[in-house]
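With the numbering used here, the residue at position 92 of the sequence shown is 93, and numbering never jumps.
C-beta atoms are modelled at their ideal positions from N, C-alpha and C, and glycine is treated no differently.
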Amino acid sequence: LSLKAEGSLMAFITVLTALALTCVQAYEWSAVFHLEDSGVYSWTASKVEGVYAAPSMMVAGLQLSSAEIDEATEADADALFEAECTDIGPSTVMVMPNERCLRLVFDTSVSLSIF
2 LSLKAEGSLM AFITVLTALA LTCVQAYEWS AVFHLEDSGV YSWTASKVEG
52 VYAAPSMMVA GLQLSSAEID EATEADADAL FEAECTDIGP STVMVMPNER
102 CLRLVFDTSV SLSIF
């Protein structure tokens with residue numbers, strides 16, 4: 002997922018697909034990144050001991066007004082994860098934030114999937 006940023010603060014909230022049904026919250030982890038408006042970024046996933054932790058990972062990119070993930074942001078992410086996710090494979094270019102759920106499907110034939 003080459004990220005073409007459209008905004009400076011962005012929350013990435015993710016969940017590994019295999020763990021989605023067992024999590025108390027809909028997501029596994031979240032982070033805030035400061036991205037340059039004209040920047041292009043890559044997201045990578047790698048195998049550990051020859052396997053990915055799960056076959057895919059759901060991700061939501063949300064525009065933020067502050068460097069904090071509050072309850073409203075968490076609620077927005079939960080709503081996105083409950084909606085239908087769009088499957089994408091490595092090398093897909095996506096403009097973020099896109100305010101939707103993406104499912105990053107890892108390429109099991111290689112040790113590193115680059116999105």
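Pairing residue 82 with residue 100, the inter-Cα distance amounts to about 11 Å. Counted as a single uninterrupted DSSP element, the stretch harbouring residue 65 is not any alpha helix (DSSP H), since DSSP gives it neither H nor E. In the three-state reduction of the DSSP assignment, residue 36 falls in the coil class. In the pairwise beta carbon analysis, the stretch 107-115 is classified as not touching the stretch 61-78: fewer than three pairs are separated by under 8 Å. Apart from the 5 residues on each side of it in sequence, residue 53 sits with its Cβ closer than 6 Å to the Cβ of 107 in its chain, given in chain order.
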